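Contents: one structure, followed by commentary.
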Amino acid sequence: MMKNYHVRFLRGWIYKNSPIPITKKPDLNDPVLRAKLAKGMGHNYYGEPAWPNDLLYIFPVVILGTIACNVGLAVLEPSMIGEPADPFATPLEILPEWYFFPVFQYFVTVPNKLIGCSVNGISNPPGY
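The sequence shown begins at 1170 in this note's numbering and counts up one residue at a time.
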């Protein structure tokens, strides 16, 4: 009794075995609908075009939003603009590791590059 009530109540709104609730199926025997489908005004064309109405409003919103996010990040996390420059100090990114210092000392103390490389190779043989 209860089941028949729901079926009778929803008979015109939801079709049975439909994955999506459908409120109305198109009548393909309707000559007006067939004429619109023949002109391409059916399933392939609906709504209004995005250009220029929507896109001319969306582009400035996206651009201004990006600028606002960049300004907000710059205010929250400012970079070190006033950092003093020292041209004689080695940047921390390229400072050598401590185990390279003996090699550098060989190259500094020996005036000839060939002799310095050979002394370095003899004193530090590969594989040790």
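Built from N, CA and C at the ideal position, the CB exists for glycine as well. Here the structure is a predicted model, which is why all the values come from computation and not from measurement.
Output the distance between the C-alpha atoms of residue i and residue j, rounded to the nearest integer angstrom.
i     : j     : result
P1256 : V1231 : 41 Å
P1260 : Y1268 : 18 Å
E1266 : F1273 : 11 Å
E1262 : D1223 : 48 Å
A1237 : P1247 : 15 Å
A1204 : T1235 : 46 Å
I1284 : T1278 : 11 Å
W1220 : A1207 : 25 Å
Could you pull out every residue in the same chain whose Cβ sits closer than 7 Å to the Cβ of residue i, ignoring the five residues on either side in sequence?
i     : result
N1289 : V1272 and Y1275
In chain order, what residues of the same chain lie with their CB nearer than 8 Å to the CB of residue i, ignoring the 5 residues before and after it?
i     : result
K1282 : F1276
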